[in-house]
Amino acid sequence: LAVVVVGLGYIGLPTAAIIARTGAMVLGVDVTPSIVDTVNSGKVHIEEVDLDGLVSGVVARGSLRASMQIEPADVFVIAVPTPFADDHAPNIGYVLQAATTIATVLKAGDTVILESTSPVGTTEKVRDLLAELRPDLKVPGKTGDIPDIAIAYCPERVLPGRILVELIDNDRVIGGITPRCARKALGFYKRFVRGACVTTNARAAEMTKLTENAFRDVNIAFANELSRVADTMEVDVWEVIRLANRHPRVNILSPGPGVGGHCIAVDPWFLVHADRENTPLIRTAREVNDAKVDYVIARAALIIEAHPTLPVACLGLAFKANIDDFRESPALKVSSVLAQRFGDRIHVVEPYADVLPAAFDGSGATLTDLDAAIEQCGIMIVLVDHDVFKSVPVDERGSKYVYDTRGIWPDQPSLRSHGEPLRLVS
Ligand code: SAJ
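Going by the UniProt record's numbering, the sequence shown opens with residue 11, and the numbers climb by one from there.
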């Protein structure tokens with residue numbers, strides 16, 4: 011089986027490598043020359059658990075290659091980004107560009123699968139584009155004839171940090187333009203997926219993906235809203251959540267400094283943009299989660315201003331725990347805004363960073379290690395729940411001013427807990 015994966019990013023590269031491991035001949039196509047070179051040398055340009063070993067193995071065996079040029083294949087998987095514009099309108103330009111490239115080598119019998127998170131109706135647009143570019147091929151769902159090609163939507167659902175495990179173990183939703191398309195795509199996923207593969211139509215599969223991330227966003231928004239109310243009420247939100255979650259039908263997620271990454275903070279907008287009138291909850295959840303970042307900045311600034319002689323440790327830059335991904339990270343936003351305001355008082359601790367990102371340029375803030383921060387800083391602002399931060403013993407932080415936005419130190423003495431410094435300030 012020959013497979014082409016278009017887009018060698020966080021989803022495309024692990025997917026290409028896993029398919030290559032099944033014995034298929036895989037070509038990864040990417041527009042960035044450095045990514046193509048890196049993969050061809052058996053290396054990876056992204057950090058993901060166990061990915062380096064897998065890629066070096068399949069490249070050495072010759073089952074995975076990368077190129078900027080597409081080649082004919084039996085199955086084409088599109089895994090390119092679908093960003094949004096300033097008005098939150100989804101941009102499916104990269105998907106259509108990928109389809110245009112695939113059209114140049116497409117032949118009867120091939121299967122085209124879209125994995126990128128996409129607005130409802132995108133797979134049909136891919137079908138229409140292929141029909142327009144290749145009038146010699148019968149596309150599915152247009153006429154009663156048996157089509158020459160199959161087209162399906164199968165969203166990725168993997169969690170960064172667990173991608174290789176979840177690519178195999180998660181259930182997959184496979185939406186065909188027609189049931190026959192779904193069946194063809196199913197045969198492909200059965201090669202490497204251990205989870206259940208459930209078939210449906212393309213529109214339902216597209217909406218399912220958006221629904222999953224909107225669900226999580228709405229639930230995190232609930233936790234973030236709760237944390238603000240708890241601050242007003244002078245109650246420990248983490249304790250309230252622990253207690254409420256003892257109810258058999260309550261399962262509240264964790265508040266934090268906002269929602270980061272490129273999925274949960276993006277995908278709900280695809281639903282809002284498609285039907286603004288009927289999405290007040292989803293839209294408000296997005297706004298609540300975005301506003302939490304500014305709330306944390308304001309609160310942290312009050313603590314820092316109230317203790318003008320104390321150096322400040324900002325713990326974490328990543329968008330979530332135990333990964334090196336700083337894109338769309340609320341922690342990075344909070345600490346860089348504080349750095350620009352409070353300059354060399356800010357000491358950033360991020361074990362996954364070698365240098366401070368550009369947002370800190372000119373601020374005077376420094377990147378330091380955890381031990382030095384504990385020794386030097388009287389104020390600690392916890393922004394990421396990395397495991398290394400959790401293990402700081404209470405004797406080393408109990409006397410400091412702590413604003414713990416992730417609730418990693420439940421034993422912090424209550425007078426200095428995350429809820430308390432505001433009272434000390436006011
Ligand atoms: N977060 C909280 N509180 C929580 C959980 C998460 O503040 O209780 C924050 C995180 O710190 C992070 C953000 O939300 O900033 C998103 O993190 P995440 O772990 O919830 O999700 P992602 O973005 O890493 O991956 C999500 C996953 N979707 C769902 O869990 C429904 C993943 O399965 C998807 O494949 C991925 O989006 C994607 O690519 O769409």
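In this text, a Cβ means the ideal position worked out from N, Cα and C, and glycines have one as well.
Can you tell me the Cβ-Cβ gap for residue i and residue j, rounded? I've got them flagged as a contact below 8 Å.
| i | j | result |
| --- | --- | --- |
| Ala233 | Ile251 | 7 Å |
| Ala240 | Asn299 | About 16 Å separates the two Cβ atoms, so there is no contact after all. |
| Gly266 | Thr376 | Rounded, the Cβ-Cβ distance is 24 Å, inconsistent with contact. |
| Asp158 | Ala118 | 4 Å |
| Val15 | Val46 | With a Cβ gap of about 12 Å, Val15 and Val46 do not count as contacting. |
| Asp181 | Val208 | 6 Å |
| Tyr199 | Ala310 | Tyr199 to Ala310, Cβ: 45 Å. No contact. |
| Thr133 | Ile178 | That pair is no contact at about 24 Å. |
For a test of the three-state rule: what should DSSP assign to residue i, helix, strand or coil?
| i | result |
| --- | --- |
| Ala83 | coil |
| Phe94 | strand |
| His428 | Note that His428 scores a pLDDT of 48, beneath 50, so its modelled location is shaky and nothing firm can be said. |
| Cys387 | coil |
| Arg144 | coil |
| Asp227 | helix |
| Thr209 | strand |
| His257 | coil |
| Ala375 | coil |
| Asp181 | coil |
| Met35 | strand |
| Gly186 | strand |
| Asp335 | coil |
| Ala233 | helix |
| Tyr411 | strand |
With hydrogens ignored, establish whether the beta-carbon of residue i is closer than 7 Å to any heavy atom of the ligand SAJ.
| i | result |
| --- | --- |
| Val168 | yes |
| Phe336 | no |
| Leu116 | no |
| Pro361 | no |
| Arg226 | yes |
| Cys324 | no |
| Phe329 | yes |
| Pro340 | yes |
| Asn223 | yes |
| Leu18 | no |
| residue 8 | As displayed, the chain neither begins before 11 nor continues past 436, which places residue 8 out of reach and without an answer. |
| Thr25 | no |
| Val203 | no |
| Asp277 | yes |
| Thr127 | yes |
| Gly372 | no |
| Cys273 | yes |
| residue 499 | No answer is possible for residue 499: the residues shown for the chain start at 11 and end at 436. |
| Ile184 | no |
| Gly266 | yes |
What's the C-alpha gap between residue i and residue j?
| i | j | result |
| --- | --- | --- |
| Asp405 | Val260 | 34 Å |
| Ile29 | Asp335 | 24 Å |
| Arg204 | His317 | 55 Å |
| Thr42 | Ile173 | 22 Å |
| Arg293 | Pro278 | 7 Å |
| Val247 | Val122 | 48 Å |
| Leu124 | Arg31 | 21 Å |
| Tyr305 | Gly103 | 35 Å |
| Ala27 | Leu18 | 10 Å |
| Leu140 | Ser237 | 49 Å |
| Ala291 | Gly22 | According to the sequence provided, residue 291 is Leu. The question's Ala does not apply to it. Going from the Cα of Leu291 to the Cα of Gly22 covers about 32 Å. |
| Pro100 | Gly353 | 37 Å |
| Phe329 | Val54 | 20 Å |
| Ala212 | His98 | 23 Å |
| Gln350 | Ala192 | 52 Å |
| Val394 | Gly271 | 13 Å |
| Met78 | Glu176 | 28 Å |
| Phe399 | Leu348 | 20 Å |
| Val65 | Ile313 | 47 Å |
| Asp421 | Tyr20 | 36 Å |
| Ile274 | Thr289 | 16 Å |
| Ile187 | Glu216 | 11 Å |
| Tyr411 | Val392 | 11 Å |
| Pro423 | Ser345 | 24 Å |
| Asn50 | Leu196 | 29 Å |
| His428 | Val269 | Here His428 scores only 48 on pLDDT, less than 50, and its place in the model should not be relied on; the value that follows carries that caveat. His428 and Val269: Cα-Cα distance of roughly 19 Å. |
| Gly38 | Ile88 | 10 Å |
| Ile112 | Ala214 | 24 Å |
| Gly408 | Glu297 | 34 Å |
| Thr319 | Glu385 | 15 Å |
| Gly185 | Glu338 | 30 Å |
| Pro91 | Asn229 | 25 Å |
| Phe202 | Gln107 | 27 Å |
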